[in-house]
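Residue numbers for the sequence shown follow the UniProt record's numbering, so the first one is 1 and each next one is one higher.
Where a beta carbon is used, it is the ideal one built from N, C-alpha and C, also for glycine.
Structure, as structure tokens:
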Amino acid sequence: MRNHGDFLFTSESVSEGHPDKVADRISDTVLDAYLEADPEARVACETLVTTNRVILAGEVRGPKAVEDTLIDRAREAIKDIGYDQEGFSWKNAEITSYLHAQSADIAQGVDSGSDKDEGAGDQGIMFGFATRETENLMPAPLFYAQTILERIRDYRKNGDARGAGLLPDAKSQVTLRYVDGKPVGVTSVVISTQHAEGMSQNTIRETLRGVVNDVLPNGWSCPEDEFYVNPTGNFVIGGPDGDAGLTGRKIIVDTYGGAAPHGGGAFSGKDPTKVDRSAAYAARYLAKNVVAAGLADRCTIQLSYAIGVSKPLSVYVDLDGTGKDIDEARLGLLLNEVVDLSPRGIRKHLRLNRPIYVPTSAYGHFGRVPNAALDNFTWEQTDLVDTLRNALNR
Numbered sequence: 001m002r003n004h005g006d007f008l009f010t011s012e013s014v015s016e017g018h019p020d021k022v023a024d025r026i027s028d029t030v031l032d033a034y035l036e037a038d039p040e041a042r043v044a045c046e047t048l049v050t051t052n053r054v055i056l057a058g059e060v061r062g063p064k065a066v067e068d069t070l071i072d073r074a075r076e077a078i079k080d081i082g083y084d085q086e087g088f089s090w091k092n093a094e095i096t097s098y099l100h101a102q103s104a105d106i107a108q109g110v111d112s113g114s115d116k117d118e119g120a121g122d123q124g125i126m127f128g129f130a131t132r133e134t135e136n137l138m139p140a141p142l143f144y145a146q147t148i149l150e151r152i153r154d155y156r157k158n159g160d161a162r163g164a165g166l167l168p169d170a171k172s173q174v175t176l177r178y179v180d181g182k183p184v185g186v187t188s189v190v191i192s193t194q195h196a197e198g199m200s201q202n203t204i205r206e207t208l209r210g211v212v213n214d215v216l217p218n219g220w221s222c223p224e225d226e227f228y229v230n231p232t233g234n235f236v237i238g239g240p241d242g243d244a245g246l247t248g249r250k251i252i253v254d255t256y257g258g259a260a261p262h263g264g265g266a267f268s269g270k271d272p273t274k275v276d277r278s279a280a281y282a283a284r285y286l287a288k289n290v291v292a293a294g295l296a297d298r299c300t301i302q303l304s305y306a307i308g309v310s311k312p313l314s315v316y317v318d319l320d321g322t323g324k325d326i327d328e329a330r331l332g333l334l335l336n337e338v339v340d341l342s343p344r345g346i347r348k349h350l351r352l353n354r355p356i357y358v359p360t361s362a363y364g365h366f367g368r369v370p371n372a373a374l375d376n377f378t379w380e381q382t383d384l385v386d387t388l389r390n391a392l393n394r
């Protein structure tokens, strides 16, 4: 997304009950189970969900005892999301695991030894992004799309009367108007939410209009004829009973809503030796600190890795013309100095070898507020601000 001119830009989000997000949640539940038992566990868990069926597949290396708990943990995840319907219920869904041992060929490239450091778990490119559009330094269209769904979730799960009859599966889409590259208003909002049989669409619309008005800034009211609620009519059959879901199918929702490049790798179900996940977190961490330090209004960072190689092959910085008299090449070198961007260095710096991933599985991996008690979302901290400022002034 450009930082100049007048245009419309749209981002979408999906709720924790969307089929693909149910799959992400279960995959991260498996990951957290292994990391809870062994911080050095290796996990690559893919999940398929469909009508009353869940299938786990992938590779793991960790305590054998964890495997015996996974079916029950998956059921608890489904229960927490809120599925107890005829077509998909935590009580009677058939859950099958085909997880097996990690390939020795992959392990030998990743594991450290007496003569080598820990290598990346795969090759690939990862992007991080930050922008001054919102307080959490995220693109505004995605921020509002996510926040709308979080508010609906809170109504539904906290016993609020406004959530009565609303079910777990939901999607949102927000289009903002930009003037001179800055968001100034909303032109349309789309919300589809699963609901109980017989619930009035007018009641749903009234509830969701209140949500949107609460979430958007003052003066940004969506025009009534551009406010779309359940455009197809009924949305009773939803979740995995309505559509099959797979891990890793919502990578744009998980990141920046299309406002920044994406390297193509998904996050959920992957332990932090997989740079698809850990290096994307590191790239966001660096980009956010660059913007928080006042060095630029926008920052995109690309990292690249090769399987079995510990150091990044490249660190690319693009300030999109918003830098404050800073050479981007110099900044890239500096970032590589102030943070160890090897897979082990990232895991240590951001404290990633812990069971902290279930909360990331819905409503975005970035722009979230860290929970002090859980010590999660460490990549959202801005503790490099002074370090970067001082280093640039050397």
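Counting only unbroken stretches of 4 or more residues, the alpha helix (DSSP H) elements lying wholly within the UniProt domain "S-adenosylmethionine synthetase central" (118-235) are 140-157, 201-215, in sequence order. Taking C-alpha positions only, valine 339 is separated from asparagine 353 by approximately 17 Å.
In this structure, the straight-line span from the alpha carbon of arginine 153 to that of leucine 333 is close to 42 Å.
Put simply, the region 43-55 does not touch the region 280-298. Fewer than three CB pairs are less than 8 Å apart.
Just so you know, the alpha carbons of threonine 300 and arginine 25 end up roughly 28 Å apart.
Collapsing the DSSP output to three states places alanine 33 in a helix.
Valine 22 is positioned such that its CB atom lies no closer than 7 Å to that of tyrosine 34. If you draw a 10 Å sphere on the C-beta of tyrosine 98, you find fewer than 16 other C-beta atoms in it, and that means exposed. Taking 7 Å as the cut-off, the beta carbon of valine 190 is found no closer than this to the beta carbon of isoleucine 148. For the pair aspartate 68 and valine 358, the CB atoms are not nearer than the 7 Å cut-off. With fewer than 16 other CB atoms across the displayed protein chains lying within 10 angstroms of its CB, aspartate 375 is exposed. Look at isoleucine 301 here: in three-state DSSP terms it is strand. By the C-beta density criterion, alanine 329 is exposed, having fewer than 16 other C-beta atoms within 10 angstroms.
Counting C-beta pairs closer than 8 Å gives fewer than three between the region 80-87 and the region 56-67, which falls short of the contact rule. In this structure, alanine 74 and isoleucine 95 form a Cβ contact; the two beta carbons are roughly 5 Å apart against a cut-off of 8 Å. Across the structure, arginine 2 and aspartate 318 are spaced so that their CA atoms are roughly 12 Å apart. In the structure shown, glycine 345 falls within a helical segment according to DSSP collapsed to helix, strand and coil. Burial of proline 240 is indicated by the presence of at least 16 other C-beta atoms within 10 angstroms of its C-beta.
Aspartate 20 sits buried, since 16 or more C-beta atoms from the chains shown fall within 10 Å of its C-beta. Listed in chain order, the alpha helix (DSSP H) elements of length 4 or more contained wholly in the region 61-89 are 64-67, 70-81. For valine 14, the secondary structure class from DSSP, reduced to helix, strand or coil, is strand. Residue pairing by DSSP places glycine 245 opposite Val49 in a beta bridge. The Cβ atoms of glycine 121 and lysine 311 do not sit closer than 7 Å to each other.
By the neighbour-count definition (other C-beta atoms within 10 Å, threshold 16), lysine 91 is an exposed residue. Shown here for threonine 207: same chain residues with a beta carbon closer than 6 Å to its own, the five before and five after excluded, namely Arg162 in chain order.
In this structure, the alpha-carbon of proline 343 lies about 24 Å from that of alanine 372.
Here arginine 205 is actually not in contact with valine 174; their C-beta atoms are around 16 Å apart, not less than 8 Å. Per DSSP, the continuous beta strand (DSSP E) segment holding leucine 99 begins and ends at 94-101.
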